[in-house]
Each structure stands twice: as structure tokens, then as C-alpha cells.
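K.L.:
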Amino acid sequence: MSAKKKRTVLVTGAAGFIGFHVAKELLNRGYRVVGYDAVTSYYDVRLKKRRLAMLGKFSAFHFVKASVASYPALKRVMKAEHPDEIVHLAAQAGVRYSLVNPWIYADTNYLGTLNIFEIARQFRLPRVVYASSSSVYGANSKQPFQESDRTDLPVSIYGATKRGNEILARAYHHLFKTEMIGLRFFTVYGPWGRPDMALFKFARRILQDRPIELYNRGNMKRSFTYIDDIVRGVVSTIERAPKGRCEIYNLGGSETVPLKHFVGLIEKQFGKRAKKILKALQAGDVPETVADCSKARRELGFRPQVSIEEGIARFAKWFLEHRDFLADLKEPKQ
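Take the sequence shown: its position 100, counting from 1, is numbered 100 in the UniProt record's numbering, and each next residue is one higher.
Below, the structure written as C-alpha cells:
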């Protein structure tokens, strides 16, 4: 992208797992990126600061520390930075934590997204790309999940807030004609991920000879999706999504495997057996999520490229390279 055509993208959640990787790829492609993040203490902020330090090496990156729940803060950024587009990835993550602290999910995920949609309208931005989640499918037992399937059976507060975002996007598109593109991510994993996610927790505990907990006795199935594939999907959305529409796309891996198989691949990479504690399915969780990504493949050219074996190998290599730093991180809230 030439300097004359360089576009500015406001990436919310830029200190987070997916936001960091998306921001980095956009910078590598020649975009100017304004990162926006509250840098909360949901998990150890040292990990978020490490991500931001890497983004800070790019001259085209500017960071603003603020919450999407603050409309005045968003307004100041819009006036100062004049972004051409918003990629809204900020959210309070974690299905299980939503059972403990539901208020923060309402503030960040729902009010925060309302603020993003409204700021886009007020500043006449043509489009918002926002993160949704496979959690919106809830108790729907039909597999694989398609975008047109039922989403009126939420089983978690987190999933309910994400579905609420999609409904709000539809209303904004209907009333104000803003293009709204929602991306339902399926179980994303990879380097620089969140410490509360399964792969990170399992890796740390296996290397420390501590037991890991397998819910649903390890029989849960997921369309695990490597971070690079998710990033390609987000960038393809920015560059290829149909104009003038309100759409939702599944972005998930091409392989769906049981959690037990996932753990086996981690054990293989580290050459250590995990000490397993088998537990029942936890409240707010579902036994299976399988992604049908045919719509994203057709309209965005989305094709997952990284196999689960390759993805875990890449993660393990990264984890071992940063082992001392990662081992010292505080245990995340649950």
C-alpha cells in the first residue's frame, strides 16, 4: 500500500490476543493503526504490555489507553486520529468469568459495542467490522453451525452479549445504513494468546508438573482455529467484504477434534504426559462447536491453512522460547 493510499484503522482491543495480531498484520501491510485498549487486569498486564511494545516498534502505530465503555474517550480519538475504518475487537472475554462478574460484560461487550456503532454513525464511517463468537450458537445442537442457524438459546452471559451485539448491528444497519460485518470466531489459539485459554493453561501446567482439568471428561469437540488463519479472515473482511450490507461470517478451523486429542498433541510437543483431572461439563459451556465456513470461503476467500498439528507445534516453540516470562505471569481470573 503506497503512502498516498495509506488508510487509518482504529483497532479496539489492540493489547489483546487477536487485536494484537490483527494490528501487526495491518501494519505489515502498510496501514496506519490506532490501537485502543483499556489494558484491564483480567489477566496479567505484563503480557499486554509486551504485545504493545512489539506494536510500538512500528512508526505507523499509535496507542490510546481507554475503555470502549467511555463514549467521550472514543469521541476524542475520532477527532484526533480521523480513522477511515473501525475493527472492533475489544471485549471482556471468558465464558466462565461471565458467571462471576456479569456487570463487566454488560459494560464492555454491550455498552462498549453500542458506543462503537454510535461513534461510527456520528463520524459517518461507512463500515464497522466487529468480533462476535461461536458462543452465540449456545445450546443449538445442530452441527456444523451455519450463520443462519438458531442463536436464541444462549447458555452463557458472554454469548448473550455477543448475540446482543449482532442484533444491535442489524438495527444500526437498518436505521443508518452503516455496513456491519460480524465475525464469529471459533476457539482461537496460538502464540501470545490469553493465559486463561486452554492451550496456554495446559502448556504451563504440563511443564510445571501440575494437573490440568478436562471438562466433559475431555470429550468436548472444538473447531480450533490458529491465530494466523483468524487474522487472514479479518484482513480479508476489511479488503473483500461485500459493500453496503450487514453480514455475519463464521471464521473457524477446518478440523474439529476432541479436547483429549488436543491435549495429546501438546504432550507430544513437550515430551511430557499431563496429569489429568476429569470433570463434568461446566455451566455456560457446550459439548461441541463445529464451524461451517462455506459462506466466508465464498464471499471472503477464507480458507484455513494451518493444521492443528502445525499450530500446536508453532505455539510450543514460542512457549519454550519465552518460558521464563510466561511462567512468571499471574494466574488469570476465573
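Think of the CB as a built atom: it goes at the ideal place given N, C-alpha and C, for glycine as much as any other residue.
(1) Please determine if the stretch 310 to 327 and the stretch 272 to 288 are in contact, where contact requires at least 3 C-beta pairs separated by less than 8 Å.
(2) Under the DSSP definition of a beta bridge, which residues are partnered with residue 174?
(3) How would you call residue 180, buried or exposed, if buried means at least 16 neighbouring beta carbons within 10 angstroms?
(4) Is residue 10 near residue 83, with beta carbons less than 8 Å apart?
(5) Just mark residue 52 as buried or exposed, buried being the case when its beta carbon has 16 or more other beta carbons within 10 Å.
(6) Give a yes or no on contact between the stretch 138 to 153 and the stretch 85 to 93, applying the rule of three or more CB pairs nearer than 8 Å.
(7) Give the secondary structure of residue 276 by DSSP, where H, G and I count as helix, E and B as strand, and everything else as coil.
(8) In angstroms with no decimal places, state the Cα-to-Cα distance between residue 101 and residue 42.
(9) Per the contact definition of three or more C-beta pairs closer than 8 Å, is the stretch 142 to 149 in contact with the stretch 192 to 204?
(10) Under a three-way DSSP split, which group does residue 21 fall into?
(11) Do the CB positions of residue 14 and residue 58 come within less than 8 Å of each other?
(12) Does residue 180 come out as helix, strand or coil in the three-state DSSP assignment?
(13) Contact between the stretch 304 to 313 and the stretch 216 to 230 is defined here as three or more beta-carbon pairs at a separation below 8 Å; is this criterion met?
(14) Are there three or more Cβ pairs, one per stretch, closer than 8 Å when the stretch 282 to 289 is compared with the stretch 209 to 217?
(15) Where in the stretch 221 to 254 do unbroken runs of the beta strand (DSSP E), each at least 3 residues long, occur, reported from the N-terminal end onward?
(16) Using a 10 Å radius around the Cβ and a threshold of 16 neighbouring Cβ atoms, would you call residue 165 buried or exposed?
(17) Looking only at C-alpha atoms, which of 95, 12, 175 sits nearest to residue 158?
(18) CA-CA distance, residue 12 and residue 37?
(19) Taking the Cβ atom as the reference point for each residue, do residue 189 and residue 117 lie within a distance shorter than 8 Å?
(20) Thinking C-beta only, is residue 22 closer than 8 Å to residue 89?
(21) Grab me the residues of residue 32's own chain with a C-beta within less than 6 Å of its C-beta, minus the 5 sequence neighbours each way, in chain order.
(22) The ligand GDP and residue 23: does any heavy atom of the ligand fall closer than 7 Å to the residue's C-beta?
(23) Output yes or no for whether 8 Å exceeds the beta carbon distance between residue 26 and residue 235.
(24) Output the distance between the C-alpha atoms of residue 44 and residue 332, rounded to the nearest integer angstrom.
(25) Per DSSP, which residues does residue 130 bridge with? Please list them.
(26) Classify residue 103: buried if its beta carbon has 16 or more other beta carbons within 10 angstroms, exposed otherwise.
(27) Going by DSSP, name the residue or residues bridged to residue 32.
(28) Relative to the C-alpha of residue 19, which residue among 129, 313, 221, 71 is closest?
(29) Residues in the same chain with beta-carbon distance under 7 Å from residue 111, minus the five sequence neighbours each way, listed in chain order, please.
(30) Excluding the 5 residues preceding and the 5 following residue 78 in the sequence, name in chain order all residues of the same chain whose CB lies nearer than 7 Å to its CB.
(31) How would you write the range of the beta strand (DSSP E) that residue 322 sits in, first residue to last?
(32) Thinking just about the alpha-carbon of each residue, which of 115, 163, 233, 16 is nearest to the one in residue 76?
(33) Going by other Cβ atoms of all chains shown within 10 Å of its Cβ, with 16 needed for buried, is residue 29 buried or exposed?
(34) Let's see if you can read the secondary structure: which residues bound the beta strand (DSSP E) around residue 344?
(35) When DSSP builds the beta bridges, which residues end up paired with residue 289?
(36) What are the boundary residues of the alpha helix (DSSP H) that includes residue 300?
P.N.:
According to the structure data:
(1) no
(2) To locate residue 174, count along the sequence shown from 1; it is residue 174. Note: residue 174 sits in no beta bridge, so no partner.
(3) The count along the sequence shown starts at 1 and reaches residue 180 at position 180. That one is buried.
(4) Your numbering for residue 10 matches position 10 in the sequence shown. Your numbering for residue 83 matches position 83 in the sequence shown. Going by C-beta atoms, residue 10 is nearer than 8 Å to residue 83.
(5) As a first step, residue 52 must be located in the sequence shown, where it is residue number 52. By the 10 Å Cβ count, residue 52 comes out buried.
(6) no
(7) Within the sequence shown, the letter at position 276 stands for residue 276. Correct three-state label for residue 276: strand.
(8) Here residue 101 is taken as the residue at index 101 of the sequence shown, counted from 1. Here residue 42 is taken as the residue at index 42 of the sequence shown, counted from 1. So the alpha carbons of these two residues sit roughly 11 Å apart.
(9) no
(10) Here residue 21 corresponds to residue number 21 of the sequence shown, with the count starting at 1. Residue state, collapsed to three classes: helix.
(11) By one-based count along the sequence shown, residue 14 stands at place 14. By one-based count along the sequence shown, residue 58 stands at place 58. Not closer than 8 Å, so no.
(12) Residue mapping note: residue 180 aligns to position 180 of the sequence shown, counting from 1. Correct three-state label for residue 180: strand.
(13) yes
(14) yes
(15) 246 to 251
(16) Taking the sequence shown and counting its residues from 1, one reaches residue 165 at position 165. By the 10 Å Cβ count, residue 165 comes out buried.
(17) To locate residue 158, count along the sequence shown from 1; it is residue 158. For residue 158, the nearest C-alpha among the options comes from 95.
(18) Taking the first residue of the sequence shown as 1, we reach residue 12 at position 12. Taking the first residue of the sequence shown as 1, we reach residue 37 at position 37. Each residue's Cα considered, the two are about 6 Å apart.
(19) Residue 189 sits at position 189 when you count from the first residue of the sequence shown. Residue 117 sits at position 117 when you count from the first residue of the sequence shown. The answer is no: Cβ separation not under 8 Å.
(20) As a first step, residue 89 is located in the sequence shown; it is residue number 89 there, counting from the start. As a first step, residue 22 is located in the sequence shown; it is residue number 22 there, counting from the start. For residue 89 and residue 22, yes; Cβs fall inside 8 Å.
(21) Reading the sequence shown from its first residue, position 32 is the one you call residue 32. Cβ within range, chain order: 6, 8, 60.
(22) Ligands are entirely absent from the displayed structure, and the ligand GDP is therefore not among its contents.
(23) Taking the sequence shown and counting its residues from 1, the one referred to as residue 26 is at position 26. Taking the sequence shown and counting its residues from 1, the one referred to as residue 235 is at position 235. Cβ atoms of residue 26 and residue 235: closer than 8 Å.
(24) Along the sequence shown, read from residue 1 onward, the residue named residue 44 stands at position 44. Along the sequence shown, read from residue 1 onward, the residue named residue 332 stands at position 332. Rounded to the nearest angstrom, the two C-alpha atoms are 7 Å apart.
(25) Locating residue 130 in the sequence shown gives position 130, where the first residue counts as 1. Per DSSP, 88, 182.
(26) Numbered from its first residue, the sequence shown carries residue 103 at position 103. Exposed, since its Cβ has fewer than 16 Cβ neighbours within 10 Å.
(27) The sequence position of residue 32 within the sequence shown is 32, counting from 1. DSSP output for residue 32 lists 8 as bridge partner(s).
(28) Taking the first residue of the sequence shown as 1, we reach residue 19 at position 19. Ranking 129, 313, 221, 71 by Cα distance to residue 19 puts 129 first.
(29) Position 111 of the sequence shown holds residue 111. Once the five neighbours on either side are set aside, the close Cβ partners of residue 111 are 69.
(30) Here residue 78 refers to the residue found at position 78 when the sequence shown is read from its first residue. Closer than 7 Å at Cβ, skipping near neighbours: 119, 123.
(31) For this step, residue 322 is matched to residue 322 along the sequence shown. Looking at the DSSP string, residue 322 is not in any beta strand (DSSP E), and its letter there is neither H nor E.
(32) By one-based count along the sequence shown, residue 76 stands at place 76. The option with the nearest alpha carbon to residue 76 is 115.
(33) Mapped onto the sequence shown, residue 29 falls at position 29. Exposed is the call here.
(34) Given that the chain is displayed from residue 1 to residue 334, the structure contains no residue 344 and the question cannot be resolved.
(35) What you label residue 289 is simply residue 289 of the sequence shown in a count that begins at 1. Per DSSP, 222.
(36) Locating residue 300 in the sequence shown gives position 300, where the first residue counts as 1. Note, residue 300: alpha helix (DSSP H), 294 to 300.
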